[in-house]
Every structure is written in C-alpha cells, then in structure tokens.
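Remarks on the structure that follows.
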C-alpha cells in the first residue's frame, strides 16, 4: 500500500505537482515560485557587507523563501533517506554506456559516489565539480535573475521572453560541460 | 506561524524532486545527452500546468487567500545580456554539480553530506555577484 513512498515517481505525476506549486504560492501569499533568491536572502542576513545588492529588508521579503528551502531540505530527507528507493535509478542504457566510457562504475544512489565524496575534494575534478560548480550555480542564478524554478518553470509558464533566453543559456552551458569539459576531467 | 504553509510547500517540493529523481546527477546527464524523456517530461508538464494555472488566474482576476489581487510582475526583458551570460554560467554549474539550487538542499537532506560544499560555494557565488554586479554587463 505504501510502495509509492519508496518507488520512483513518473514524470507525469511529478511534473504536474511541481506546476501546481505556482498557483499554490500565488494563492497563499502572492509569492512567486523560485528557490535561488534564498541564497541572496541568506547573504543579506549573514554577510551583507557594504554591498547595495544585500541592503534590503530580507526579513519581510525573504523569510518565506528561506522557510521554503528548509522544507526542501526536509523533503529531501523524507524522500531520499527515510523513504529511500533501494534500487538504482533506471537510467537509459545509452547514458550508462556513455558514463562508463568516462570511467564511472557505481550507478547506485542519486549521484556518482566516486565523484561526490569528501575524499574527492582534494582532486582537480572534485574542486571543479563541487566548488566551482556550486559557485557558478549561485553566481549564474543571480546574474540571470533566477534558476530552474524561477525561470524555466515559473518564468516560461508566465510566457516571459527573458526566461526563455535564460533557459537557452542554461542548455548552452550544460551542453558545453557535458560534451566538451567532462571528457577532459574524468 | 504564518510561515508553516511555506514549510509544507517546501517539503512537498523536496519530496517530489527526490521521488522523481530530478536531484540526480545521473538524470541531469541523461538530459544533457538527450537520451531519455524523463527530465523533459517533468519540466515540460510542470510548465504546462503552471501556464494553465496562470492563465486562469489572469482571466478570472482571482484573488489570494486574503482577498488581494494576485500580481505577477514580469521579468525585465529589456536586459538581454544578463539572461544569456548568466544563464550559460548557471548551466555550467547545473551540469557540474548535477543540481540546481533546490536539488542542492534536497541532496543534503537525503544524507549526502558533501553537498554542503556546493551550497557554501553557491552562497559565495551569490555574494560575489552582488559585490561585482555594477561592473558586469546586463
């Protein structure tokens, strides 16, 4: 009866639920769905310095967003730890073949444990993927004015040209890393 | 106490991201190699449902819970450079970490503790953007 809690969910269940978060937040308090702003609010709360970008009333503007992110963390704990799916992800055979060519052998869990490990933080690959990668997620999201939730999902839902351009950028960047950089650092 | 509803929405979002494996580096690789429909299905159907919802809200001038009109301020489309340059840099980060901001927090929640590093790095990236914003082309 509770298999659905541990089994993976198909796209046609997950996608519409994510889409419904947009009207839900609008109804609850006129809030626009987006996650990366939480990083700005955290900076404004902790290390605003003398930077005008961080001088605003983060408590009234951002508390709801920081609370949402805390919820995402708890949701990840419930979905990925408490009700963890014990099976490896059913990846396409072509992807497994490609990643094996890069040298990956372990396909269990959400991420390759060879790469995303504390012990890999000393390697060039680990620094590029975890430190520089994380930096670019934060820098790029604020530069572009949103991330996957704010641009790809809520922005395009609201027929925003700006968001379509940003998503094209997301793919240009992702394709370069996947097809040009990865063969060099694996 | 007003914020508990946002906590619950976040829990739902994080749970769905996890169950649909959107937080997986492997799934992101599948997407950037165009080898499976899964990620496109999740994002595409989310957009479709969001779009229909927003059209309904606008058409019928629906109000929020407190009876105030729902306003959705548009993104500023007069600036183009920021979206393409910032978007591409974000895409580098998305493919490298295999995660965008929400999945970073869900991955940490799922017990992969090393994701505290990309989260701290993303905070640093946000801070550096704020510090050098005026000298960047927008």
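Residue numbers (my numbering), protein chains in the order written: chain A, 46 to 231; chain B, 45 to 182.
Using N, Cα and C, we set each Cβ at its ideal position, and we do this for glycine too.
Separation of residue 146 (chain A) from residue 76 (chain A), as counted between CA atoms: 44 Å
According to DSSP, residue 113 (chain B) sits in a beta bridge with which residue or residues? B:107
Any contact between the stretch 160-168 of chain A and the stretch 115-127 of chain B? By contact I mean 3 or more CB pairs, one from each, below 8 Å. no
Is the shortest distance between the beta-carbon of residue 111 (chain B) and the beta-carbons of chain A less than 8 Å? no
Any beta carbon from chain A within less than 8 Å of residue 200 (chain B)'s own beta carbon? The structure shown does not extend to residue 200 (chain B), since chain B is modelled only from 45 to 182, so the question has no answer here.
So is residue 141 (chain B) buried or exposed if we call it buried at 16+ other beta carbons inside 10 Å? A residue is called buried once 16 or more other Cβ atoms fall within 10 Å of its Cβ, and residue 141 (chain B) is buried on that count.
For the stretch 69-126 of chain A, which segments carrying the alpha helix (DSSP H) assignment without a break, of at least 4 residues, lie completely within its bounds, in sequence order? 82-91 and 103-122
Mapping DSSP to helix, strand and coil, what is residue 223 (chain A)? helix
Residue-chain proximity (residue 102 (chain A), chain B), Cβ-Cβ < 8 Å: no
Please list the partners that residue 104 (chain B) has in chain A, where partner means a Cβ-to-Cβ separation under 8 Å. Within chain A, no residue has its CB atom less than 8 Å from the CB of residue 104 (chain B), the nearest being about 12 Å off.
On a Cα-Cα basis, can you pick out the residue from B:143, B:127, B:176 and B:153 that is closest to residue 178 (chain A)? B:143
Taking C-beta pairs closer than 7 Å, name the residues in chain A that residue 68 (chain B) reaches, listed in chain order. 134, 155 and 156
Quick check: the stretch 206-217 of chain A against the stretch 130-137 of chain B, are there 3 or more CB pairs under 8 Å? In short, these stretches touch, since the Cβ pair count reaches three.
Go ahead and pull the three-state DSSP assignment for residue 156 (chain A). coil
Please state the DSSP three-state secondary structure of residue 121 (chain B). coil
What residue ranges within the stretch 149-212 of chain A form continuous beta strand (DSSP E) runs of no fewer than 3 residues, ordered along the chain? Within the stretch 149-212 of chain A, there are no complete beta strand (DSSP E) runs of at least 3 residues.
Which residue wins for smallest C-alpha separation from residue 75 (chain B), given the options A:136, A:172 and A:184? Minimum Cα distance to residue 75 (chain B) is reached at A:136.
Endpoints, alpha helix (DSSP H) assigned at residue 75 (chain B): 69-76
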